[in-house]
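Encoded as structure tokens, the structure appears first; notes follow it.
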Amino acid sequence: HRNICLIPKSAHGTNPASAVMAGMKVVVVENDDQGNIDFDDLTAKIEKHRDNLAAFMVTYPSTFGVFEERIVDICDAIHEAGGQVYMDGANMNAQVGLTSPGLIGADVCHLNLHKTFCIPHGGGGPGVGSIGVKEHLAPFLPGHAVGPEASGKLCGSDACVPRKEGAVAGAPFGSAAILPISWMYIKMLGADGLKAATANAILNANYMAARLNGAFDVLFTGTNGQCAHEFILDLRPLKAATGVTEEDVAKRLQDYGFHSPTMSWPVAGTLMIEPTESEDLAELDRFCDAMLSIRAEIDDVGSGRVALEDSPLRNAPHTMDDLVSDKWDRSYPREVGVYPAPWIRANKFWPSCGRVDNVYGDRNLVCTCPPLEAYEDEDDKKLAA
1356 HRNICLIPKS
1366 AHGTNPASAV
1376 MAGMKVVVVE
1386 NDDQGNIDFD
1396 DLTAKIEKHR
1406 DNLAAFMVTY
1416 PSTFGVFEER
1426 IVDICDAIHE
1436 AGGQVYMDGA
1446 NMNAQVGLTS
1456 PGLIGADVCH
1466 LNLHKTFCIP
1476 HGGGGPGVGS
1486 IGVKEHLAPF
1496 LPGHAVGPEA
1506 SGKLCGSDAC
1516 VPRKEGAVAG
1526 APFGSAAILP
1536 ISWMYIKMLG
1546 ADGLKAATAN
1556 AILNANYMAA
1566 RLNGAFDVLF
1576 TGTNGQCAHE
1586 FILDLRPLKA
1596 ATGVTEEDVA
1606 KRLQDYGFHS
1616 PTMSWPVAGT
1626 LMIEPTESED
1636 LAELDRFCDA
1646 MLSIRAEIDD
1656 VGSGRVALED
1666 SPLRNAPHTM
1676 DDLVSDKWDR
1686 SYPREVGVYP
1696 APWIRANKFW
1706 PSCGRVDNVY
1716 GDRNLVCTCP
1726 PLEAYEDEDD
1736 KKLAA
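Adding 1355 to a residue's 1-based position in the sequence shown gives its number in this note's numbering.
Structural data, given as structure tokens:
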């Protein structure tokens, strides 16, 4: 009868979707002004749904880029009410070698290899990742179609017998093209290297947040003023004051050679920056320099020196066609559009097209498949005639 799943507002959208697919009713838990789970709201909803509480889904560190300071208390409160804790492992990049889901109090956790363990993110899939459970949940694991002993031999409980029944994966070993990447990453780094990677990911994010704070508002930090492995820049005050949108900033970054960080998620009107451990100091500084240069362009709009609709921000990105075109009807020089900083000239990345209407494109798909007639050869056409 337990069918209530508590999920904080800061959760990934896949969390409530997964709970609903499992037949549960989602109850949303509020966050406080620092981005943490509101513990008072959580305990009130635990008490309200105590008899039907099944689970609590949480991402740690949170999607807001902070370590939940009361994460152990949160897990204990769920367990005391008879619920289970499901941890979304999307942000394991800030955990590996420093802590673990089991130590924190999670009962189930999935690990996204595409974020923490180096496989490509996207590209049509397949998504790959392991799901770990505490021993008391092992009897409920699905069977294994190929190696049934894998479903129980490490459980340590008589209830965990090897079985094929209930298998949920037709390819239970995952992708042979992808998994060696994660294996090599773990094998070559070792325990000390993995811990160093986590520390560097957190250090890189805090370094960038410190450089950009002041020019932009860092939306959430912990009580010590620091973030986890990612942080959110709040562009909403600038938008209200100047009309420059988060999309203008994202598009302008292309002129500086950067694909934009995550835009308008998990908070609308923001950019979420996640440098990971991979970038060196020079690259971190290059990105920060680009953002600070863009902030100066925003100030030009805010002061009235440049009209928004005629600004490099609103016209970004600028293509090679813009540079060589006979027509240039903008008030700023072409050089400002395509070479906004001197260091870009050495290895300029040229966007393939100018500004597009993202929303229109998402809502009006264009099929690129050729029509069936294109597959007919000339002889077939003659016979049909």
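Beta carbons: idealized from backbone N, C-alpha and C, even for Gly. Computed from a prediction, not measured in an experiment: that's the story for all the values here.
message = So, at 8 Å on beta carbons, what are the nonlocal neighbours of residue 1571 in its own chain, with the 5 sequence-adjacent residues on each side left out?
response = Once the five neighbours on either side are set aside, the close Cβ partners of residue 1571 are 1588, 1589, 1590, 1593, 1646 and 1650.
C-alpha gap between residue 1529 and residue 1485, whole angstroms = C-alpha separation (whole angstroms): 9 Å.
request  = Could you have a look at residue 1465 and say whether DSSP puts it in helix, strand or coil?
outcome  = Taken through DSSP and simplified to helix, strand or coil, residue 1465 comes out as strand.
ask   = Can the beta-carbon of residue 1597 be found less than 8 Å from the beta-carbon of residue 1657?
value = In terms of Cβ geometry, residue 1597 and residue 1657 form a close pair [threshold 8 Å].
ask   = Can you tell me whether DSSP reads residue 1372 as helix, strand or coil?
value = In the three-state reduction of the DSSP assignment, residue 1372 falls in the helix class, which pools H, G and I.
ask   = Which of helix, strand or coil does DSSP assign to residue 1474?
value = In the structure shown, residue 1474 sits in coil (DSSP, three-state: anything other than H, G, I, E or B).
task = Count the other C-beta atoms from every protein chain shown that fall within 10 angstroms of the C-beta of residue 1607, then say buried if there are 16 or more, exposed otherwise.
result = In this structure residue 1607 is buried. Its beta-carbon is surrounded by 16 or more other beta-carbon atoms within 10 angstroms.
ask   = For the stretch 1617-1644, which segments carrying the beta strand (DSSP E) assignment without a break, of at least 3 residues, lie completely within its bounds, in sequence order?
value = Complete beta strand (DSSP E) runs here, min 3: 1625-1628.
ask   = Mind checking residue 1430: buried by the 16 CB within 10 Å criterion, or exposed?
value = Residue 1430 counts as buried, since no fewer than 16 other beta carbons sit within 10 angstroms of its beta carbon.
task = Tell me whether residue 1414 sits in a helix, a strand or coil according to DSSP, three-state version.
result = Strand, per DSSP.
query = Out of curiosity, what's the CA-to-CA distance linking residue 1558 and residue 1470?
reply = If you draw a straight line from the Cα of residue 1558 to the Cα of residue 1470, it comes to about 17 Å.
Cut-off 7 Å between Cβ atoms - residues of its own chain near residue 1714, not counting five sequence neighbours on either side = Same-chain partners within the cutoff: there are none.
ask   = Measuring CA to CA, which of 1611, 1711, 1733 and 1362 is closest to residue 1693?
value = Residue 1693 has its Cα closest to that of 1611, out of 1611, 1711, 1733 and 1362.
ask   = Beta carbon of residue 1396, beta carbon of residue 1384: below 8 Å?
value = Using a Cβ distance threshold of 8 Å, residue 1396 and residue 1384 count as a contacting pair.
message = Can you tell me whether residue 1724 is helix, strand or coil according to DSSP?
response = Residue state for residue 1724 is assigned as coil, using DSSP reduced to three classes.
key: Minimum length 3: unbroken beta strand (DSSP E) runs contained in the stretch 1557-1608   = Uninterrupted beta strand (DSSP E) stretches at least 3 residues long and entirely within the stretch 1557-1608 occur at 1586-1589, given in chain order.
request  = Spell out a yes or no on whether the stretch 1371-1381 and the stretch 1419-1438 are touching, meaning 3 or more CB-CB pairs, one atom from each, closer than 8 Å.
outcome  = At 8 Å Cβ cutoff, the stretches do not touch.
message = Taking a contact to mean a Cβ-Cβ separation below 8 Å, would you say residue 1498 touches residue 1521 in this structure?
response = In this structure, residue 1498 places its C-beta atom within 8 Å of the C-beta atom of residue 1521.
inquiry  = For residue 1582, tell me which candidate among 1629, 1690, 1724 and 1412 has the shortest Cα-Cα distance.
reply    = The shortest Cα separation from residue 1582 among 1629, 1690, 1724 and 1412 belongs to 1629.
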